[in-house]
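Residue numbers (numbering that gives the first Met the number 0), protein chains in the order written: chain Y, 0 to 437; chain R, 0 to 114. Data first, discussion second: the structure below is written as structure tokens.
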Amino acid sequence: MATVARTMNIDQIYREEWGRVLATVIRMVGSFDLAEEAVQEAFTVAVEKWPSEGLPQNPRAWLVSTARHKAIDHLRRARRMELQGDDDLARTADSRSSLQKHSDESFLEESMRDQSGHHAPMNHSSGNDERLSLIFTCCHPALAQESQVALTLRTLCGLTTEEIARAFLVPLPTMAQRLVRTKQKIRAAEIPYRVPDKRDLPDRLEAVMLVIYLVFNEGYAASSGDNLVRRELCQEAIRLGRILCELLPDDPAPRALLALMLLHDSRRSARTGPNNELVTLEEQDRTLWDRDEIHEGQALVEAVLRAGHRDEYAIQAAIALLHAQAETPAETDWPQIAGLYDLLCHVHPTPVVELNRAAAVGMARGPDHGLQLLDEIAARGELEDYYLLPAARADLLRRAGRKSEAAAAYRSALALVKSGAEKQYLQKRLLEMETEGP
Amino acid sequence: MKYLLLIYGNEAHWDTLKEPERMSIYKEYMDLSAEWGKSGKSLGGNELKPIATASTVRVRNGKRSVTDGPFAETKEQLGGYYLVEAKDLDEALELAAKIPSVRWGSIEVRPINPH
Numbered sequence: 000m001a002t003v004a005r006t007m008n009i010d011q012i013y014r015e016e017w018g019r020v021l022a023t024v025i026r027m028v029g030s031f032d033l034a035e036e037a038v039q040e041a042f043t044v045a046v047e048k049w050p051s052e053g054l055p056q057n058p059r060a061w062l063v064s065t066a067r068h069k070a071i072d073h074l075r076r077a078r079r080m081e082l083q084g085d086d087d088l089a090r091t092a093d094s095r096s097s098l099q100k101h102s103d104e105s106f107l108e109e110s111m112r113d114q115s116g117h118h119a120p121m122n123h124s125s126g127n128d129e130r131l132s133l134i135f136t137c138c139h140p141a142l143a144q145e146s147q148v149a150l151t152l153r154t155l156c157g158l159t160t161e162e163i164a165r166a167f168l169v170p171l172p173t174m175a176q177r178l179v180r181t182k183q184k185i186r187a188a189e190i191p192y193r194v195p196d197k198r199d200l201p202d203r204l205e206a207v208m209l210v211i212y213l214v215f216n217e218g219y220a221a222s223s224g225d226n227l228v229r230r231e232l233c234q235e236a237i238r239l240g241r242i243l244c245e246l247l248p249d250d251p252a253p254r255a256l257l258a259l260m261l262l263h264d265s266r267r268s269a270r271t272g273p274n275n276e277l278v279t280l281e282e283q284d285r286t287l288w289d290r291d292e293i294h295e296g297q298a299l300v301e302a303v304l305r306a307g308h309r310d311e312y313a314i315q316a317a318i319a320l321l322h323a324q325a326e327t328p329a330e331t332d333w334p335q336i337a338g339l340y341d342l343l344c345h346v347h348p349t350p351v352v353e354l355n356r357a358a359a360v361g362m363a364r365g366p367d368h369g370l371q372l373l374d375e376i377a378a379r380g381e382l383e384d385y386y387l388l389p390a391a392r393a394d395l396l397r398r399a400g401r402k403s404e405a406a407a408a409y410r411s412a413l414a415l416v417k418s419g420a421e422k423q424y425l426q427k428r429l430l431e432m433e434t435e436g437p
Numbered sequence: 000m001k002y003l004l005l006i007y008g009n010e011a012h013w014d015t016l017k018e019p020e021r022m023s024i025y026k027e028y029m030d031l032s033a034e035w036g037k038s039g040k041s042l043g044g045n046e047l048k049p050i051a052t053a054s055t056v057r058v059r060n061g062k063r064s065v066t067d068g069p070f071a072e073t074k075e076q077l078g079g080y081y082l083v084e085a086k087d088l089d090e091a092l093e094l095a096a097k098i099p100s101v102r103w104g105s106i107e108v109r110p111i112n113p114h
């Protein structure tokens, strides 16, 4: 019983501390690879020792200290290899640049210089929270977006390469190579390990939030792999959102993103039926919605709007909140939602946003108004291969009682749809249009 | 008159070479650089790190965009160069963004391989 409790503790500590410990150790040793290896080894020792010796008083400090010692061991070994002329082994320790800078071995033992030139004190407990530096480095625009996502999940969330590969339906060797190359670029191009200047912060923060949102959407989308993995991704994204909010206490931007993710996530249990079929918002059993997430999302939206923050995440969160607050579909405040989509079209004009606005307008002012907007989108040649355009048209035609036209539109949508769950839903609607009486 | 000699190689081919072969090629370069340096023929030269280390900067409508990877537009052509000193990639990108052509073209930022 006690052993199980202790094991669970270590899992929990891993979950909570991996990112923070790694971020600190990267600062200390100046290398992603060396730090990752050292922290991995530290956790291995923890798993071996803690069940029998008990948890240390300050697990985080213990992990950081142990990792630092492991890193020193690596550097010493690599230096010995280099001195012995074993260049290949010395290189694999990924410590060349550190070795070139620190020729004095005792210097290595005394301290490890951080990037600003300050010596990290020997007995400091756990150092500053370096996760901001870590996340900004992972999400640097000089890295390909898929690399940003992979490295963020690996370093901040501690997901294994295999877990990340599974989540994004990519072969394991491909994902492993992606991570290797990303860290190589950080090293070779000398991407600095720091929080960007105030001047660059808004743009850089946008990139970070986009990565977090991509992770969330990957988990949320009906098109990805297995259920468990998808739910984990949403949870990781929300965790990252929380960390960002914690690290940027005065910034409404990450709060808007967190609100949006929580409000979407609150519907998780209601979105799929017993046979994994898609259940639309209108048809969902609202008693299955997570009230805690809705309350938290609501508080965040209110705070964000009070702060005058109106980016695309904030507006989408406000829309999601209006849905969450409607006890029944009939009570949904469609006029306000349509109004918010008008605003969103200003702030973040994309064809998909226009599409969503058209659907909302159709609900607020009548199908004809929505259909007109959809026609305008189609006339511009936008979203030609996107199944949701004919699907949205089909839906409004259905509500207007124009069955045969709706059926035709459902067929168009079916020709374009990719995911099994969405296909099933469209087929169900098509059948309704074809078999119901006039 | 001055000329710029641009070295286009084959990274995939280089990756297949064994260490002794590479060392031998590097020695050829070192000897050439030494000779040209002495005679004043060469005003400078460097090996670049591989394209995996490249980033490309553009500024459009006042907004800077940085992307991973080397320059790859077919409708833009090499028109000039700067060799700069920067403390890290961020500073190099900032410098790149100040070059006038960044507003209609692209600036590839490639780290130099120090020897």
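Where is the CB? At the ideal position from N, CA and C, for every residue including glycine.
Looking at the secondary structure, which residues open and close the alpha helix (DSSP H) in which residue i lies?
{"i": "Y:VAL214", "result": "200 to 219"}
{"i": "Y:ILE163", "result": "160 to 166"}
{"i": "Y:CYS137", "result": "130 to 137"}
{"i": "Y:LYS48", "result": "31 to 52"}
{"i": "R:ILE24", "result": "18 to 38"}
{"i": "Y:TYR409", "result": "402 to 415"}
{"i": "Y:LYS197", "result": "No alpha helix (DSSP H) contains Y:LYS197, which DSSP labels as neither H nor E."}
In whole angstroms, what is the alpha-carbon distance linking residue i and residue j?
{"i": "R:TYR25", "j": "R:LEU88", "result": "26 Å"}
{"i": "Y:GLU205", "j": "R:ARG102", "result": "22 Å"}
{"i": "Y:PRO170", "j": "Y:GLU421", "result": "25 Å"}
{"i": "Y:GLN283", "j": "Y:ASP72", "result": "57 Å"}
{"i": "Y:ARG398", "j": "Y:ASN355", "result": "16 Å"}
{"i": "Y:MET27", "j": "Y:GLU16", "result": "16 Å"}
{"i": "Y:GLU162", "j": "Y:GLN11", "result": "17 Å"}
{"i": "Y:LEU209", "j": "R:ASN112", "result": "33 Å"}
{"i": "R:ILE6", "j": "Y:GLU129", "result": "41 Å"}
{"i": "Y:ILE211", "j": "Y:ALA164", "result": "17 Å"}
{"i": "Y:TYR386", "j": "Y:ARG153", "result": "34 Å"}
{"i": "Y:ARG95", "j": "Y:ARG186", "result": "Bear in mind that a pLDDT of 43 at Y:ARG95, under 50, signals an unreliable position, so the model cannot answer this."}
{"i": "Y:ILE442", "j": "Y:ILE376", "result": "Residue 442 of chain Y is absent from the model: chain Y starts at 0 and stops at 437."}
{"i": "R:GLU75", "j": "Y:VAL179", "result": "31 Å"}
{"i": "Y:MET260", "j": "Y:PRO195", "result": "25 Å"}
{"i": "Y:LEU243", "j": "Y:CYS233", "result": "15 Å"}
{"i": "Y:ASP103", "j": "R:LEU42", "result": "Because Y:ASP103 sits at a pLDDT of 39, beneath the cut-off of 50, its placement in the model cannot be relied upon, and the following sentence gives the value as read from the coordinates. Cα to Cα, Y:ASP103 sits roughly 36 Å from R:LEU42."}
{"i": "R:TYR2", "j": "R:GLY39", "result": "13 Å"}
{"i": "R:GLU84", "j": "R:ALA91", "result": "8 Å"}
{"i": "R:ALA11", "j": "Y:LEU382", "result": "39 Å"}
{"i": "Y:VAL63", "j": "R:THR66", "result": "34 Å"}
{"i": "Y:LEU277", "j": "Y:PHE135", "result": "36 Å"}
Any beta carbon of chain R sitting closer than 8 Å to that of residue i?
{"i": "Y:LYS184", "result": "yes"}
{"i": "Y:PRO140", "result": "yes"}
{"i": "Y:ILE190", "result": "yes"}
{"i": "Y:ARG180", "result": "yes"}
{"i": "Y:ALA149", "result": "no"}
{"i": "Y:ALA408", "result": "no"}
{"i": "Y:ALA143", "result": "yes"}
{"i": "Y:ALA187", "result": "yes"}
Just to confirm my understanding: we take residue i, look at its own chain, exclude 5 residues before and 5 after, and list those with CB closer than 8 Å. What are they?
{"i": "Y:ALA317", "result": "VAL300, LEU304, LEU339"}
{"i": "Y:ILE321", "result": "Reading off the sequence, residue 321 of chain Y comes out as Leu, not Ile. So the qualifying residues of the chain are THR331, ASP332, GLN335, ILE336, LEU339."}
{"i": "Y:GLU326", "result": "ARG285"}
{"i": "Y:ASP341", "result": "ARG356"}
Grab the span of the beta strand (DSSP E) containing residue i for me, first residue to last.
{"i": "R:VAL56", "result": "54 to 59"}
{"i": "R:LYS62", "result": "62 to 67"}
{"i": "R:ILE106", "result": "106 to 108"}
Can you find the residues in the same chain that come closer than 7 Å, C-beta to C-beta, to residue i, ignoring five residues on each side of it along the sequence?
{"i": "Y:ARG392", "result": "LEU370, LEU373, ALA408"}
{"i": "Y:HIS308", "result": "PRO251, ALA252, ALA255"}
Is there at least one Cβ from chain Y nearer than 8 Å to residue i's Cβ?
{"i": "R:PRO19", "result": "no"}
{"i": "R:PRO99", "result": "no"}
{"i": "R:SER54", "result": "yes"}
{"i": "R:PRO110", "result": "yes"}
{"i": "R:LEU88", "result": "yes"}
{"i": "R:VAL58", "result": "no"}
{"i": "R:LYS37", "result": "no"}
{"i": "R:VAL83", "result": "no"}
{"i": "R:GLY8", "result": "no"}
{"i": "R:LYS26", "result": "no"}
{"i": "R:ASP67", "result": "yes"}
{"i": "R:ALA51", "result": "yes"}
Using a Cβ-Cβ cutoff of less than 6 Å, which residues in the same chain neighbour residue i once the five nearest sequence positions on both sides are dropped?
{"i": "Y:GLU433", "result": "ALA406"}
{"i": "Y:LEU150", "result": "CYS137, THR181"}
{"i": "Y:PRO389", "result": "ALA408, SER411, ALA412"}
Ignoring anything shorter than 4 residues, give me the alpha helix (DSSP H) runs that lie fully in the region 263 to 326 of chain Y, in order along the chain. Entirely contained in the region 263 to 326 of chain Y, the alpha helix (DSSP H) runs reaching 4 residues are, in chain order, 267 to 270, 290 to 305, 311 to 324.
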